[in-house]
Amino acid sequence: MGLVTPNPGTIFWMVIIFGIVLFILRKFAWKPILNALKDREISIANALSSADKARQEVASLKADHEKIISEARREKDLILKEAKEIREKIVAEAKEKAMQEAQKSIELARQQIESEKVAAIGEIKKQVAELSVLVAEKILRKELLATDDQEKFVNDSLNDLNLN
Amino acid sequence: MLKISKVIMILLVAWGVFLLRVSAQQLPGTEKAVPDSSHSEKVFDAGKFVIEHVSDAYEWHITSFGEKHISIPLPVIVYSSTKGLNIFLSSKFHHGEAAYNGFKIAHEGPYEGKIVEIDESGEIVGKPVDISITKTVAGVLVSVILLLWVFLSVARSAQKNAGKAPSGLQNLVEPVIVFIRDEVARPAIGDKRFEKFMPFLLTLFFFILFNNLIGLIPIFPFGANVTGNIAVTMVLALFTFVLTTINGNKHYWKEIYNPDVPWWLKFPIPLMPIVELSGVITKPFVLMVRLFANMMAGHLIVTVFVSLIFIFGSLMGATAGYGISVVSIAFSVFMLLLDVLVSFIQAYVFTLLSALYFGMATAEHHH
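If you're matching them up, the sequences are chains A and B in order.
Just so you know, we're using numbering that gives the first Met the number 0 here: the first sequence kicks off at 0 and counts up by one.
Just so you know, we're using numbering that gives the first Met the number 0 here: the second sequence kicks off at 0 and counts up by one.
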């Protein structure tokens, strides 16, 4: 029976000691320890959530970035296309203009040639007329001489004319 | 891992010391006793040896050499109506052999092992109010000093290291505290109310654990069989009972006095209320008995294995005693390691069940 009968004196001291220990530990040990644990857990949770937030931000930034890049690319393509069109247009215009200019100068040259030709023909006609008159004058001057001589003279004159 | 193996090493060395000193005290006696069986009082009494080692005492026995006992005297505090309050050291009793100031330790009868009041002729006249600091109380004080030292220093480092990683002792106990909080208190009591009970549950767990483990170290100032003392476990269970009772809400009491059962179970004989009320008493009673029985059994078995050496020694000669000691030590070591496990399990179970009772007392009605 001795072992299973609680001793009142032991109960008395146990209640006092355990009560005091409970009080002291509650106030000076568990409170700071549990608070420290809680604080640490909260700060870890905060750190994790802020890291998550930062990650999301980075992801959204990246998406923005990508969007901007693609937009820029699109704009670049547009600009290039426009530039190409403009270039083609300018080149075509220039070609057209050059052609027109060439046509114009050809026309001008032709006209000049034509007028030169007309002038030259006129000159030739004038000279032929003058030469003819000169030849005729010479023939007429030699008429008094021998017929042979006349014939020879005409031939020479004609030869001269040919040379001209 | 290193720490656990260190603890085991310390335990083994301590037990080695213990066995040596028991040998020093018993083997010379057995050697004498065996050749001459007429010296019957010299024969090793295993029952007495075992019971003495697990029960409470007024002095803290350290060792004996032959007839010379070395022990730490503990204060005796007795109050009787005739002699008033008496405070003296237990060394005045000369290891229970002498009377002092009208008090002595009874060796037989209903008060065996307790202090009784005697008259001039030496007759027992009654039992005084006895609040002596016994071995158990002294053991509690030792463990409490250790407990306070550990946790106050942890609290200090927790405050100093606020916001930083824990270190040292703090690192060792923090996972246990977190375990009690997240695996015991929170699921058993509920997210909203568990914080209120945390200080008690933590104190309870570490008090039991420290006492269980300290009880396994058999050298002074450790080794008092504290959690194997029914008065100690009774007080612990009483604290749980009182906290359950004062925190019980309306729903808890309604389930006891007016549970949702057919009316004829409550009237005219209040059968269910009786069953429920007995449950209220049974819960702390079971807590008390479970811890007491487990720790007592562990201490008993280890001591029995040790005393086997001397039983064999006195029955078949010293050689048999030395021979059996190998087996005994092996079994003792095994039991001791098992007791280390049991120490943790019992501390956990006591805490878990207390938490469950608190949870029941504070649960809200969901229907």
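All C-beta atoms, glycine included, are put in the ideal place defined by N, C-alpha and C.
Query                                                                                                                   : Result
Within-8 angstroms CB hit, I43 of chain A to chain B                                                                    : no
Range of the contiguous alpha helix (DSSP H) that encloses E173 of chain B                                              : L168 to F178
V225 of chain B (DSSP reduced to helix, strand or coil)                                                                 : coil
Secondary structure, alpha helix (DSSP H): runs of 4+ residues fully inside the region 259-342 of chain B               : 270-315
Contact list for the region 43-58 of chain A against chain E, Cβ threshold 7 angstroms                                  : Protein chains in the displayed structure are A and B, and chain E is not among them.
Classification of E254 of chain B by the beta-carbon crowding that lies within 10 angstroms, buried from 16 upward      : buried
Beta-bridge pairing of V77 of chain B - partner residues as DSSP gives them                                             : B:N85 and B:D129
C-beta contact flag for M334 of chain B and I300 of chain B at 8 angstroms                                              : yes
Reduced DSSP category for I218 of chain B - H, G, I as helix; E, B as strand; rest coil                                 : coil
Where the region 16-27 of chain A meets chain B: residues whose CB sits under 7 angstroms from a CB there               : I16, F17, V20, L21, I23, L24, R25 and F27
Inter-residue Cα distance where the pair is A32 of chain B and S70 of chain B                                           : Note on A32 of chain B: pLDDT 38, under 50, position unreliable in the model; no value is reported.
Element boundaries [alpha helix (DSSP H), containing F102 of chain B]                                                   : Note, F102 of chain B: premise wrong, no alpha helix (DSSP H); beta strand (DSSP E) at F102 to I104.
Straight-line gap, D63 of chain A to L79 of chain A (C-alpha atoms, nearest Å)                                          : 24 angstroms
Chain A contacts from the region 223-257 of chain B (Cβ-Cβ distance under 8 angstroms)                                  : N228, I229, A230, V231, M233, V234, L235, L237 and F238
Min CB distance A105 of chain B to chain A below 8 angstroms                                                            : no
Under the three-state DSSP convention, the category P72 of chain B falls into                                           : strand
Chain A within 8 angstroms of F199 of chain B, Cβ atoms only                                                            : yes
8 angstroms Cβ shell around N210 of chain B - same chain, five flanking residues per side excluded                      : G138, V139, S142, V225, T226 and V231
Length of the line joining the Cα atoms of I112 of chain A and K124 of chain A                                          : 18 angstroms
Contacts that L146 of chain B makes with chain A (C-beta to C-beta distance below 8 angstroms)                          : V20 and L24
Cβ neighbours of F221 of chain B in the same chain (closer than 6 angstroms, five flanking residues each side left out) : I213
Alpha-carbon spacing of T202 of chain B relative to I76 of chain B, whole angstroms                                     : 28 angstroms
The region 48-64 of chain A in contact with the region 168-181 of chain B per 3-pair CB rule at 8 angstroms             : no
Close Cβ partners of P258 of chain B (< 7 angstroms) along its chain, the five nearest in sequence each way excluded    : M271 and E275
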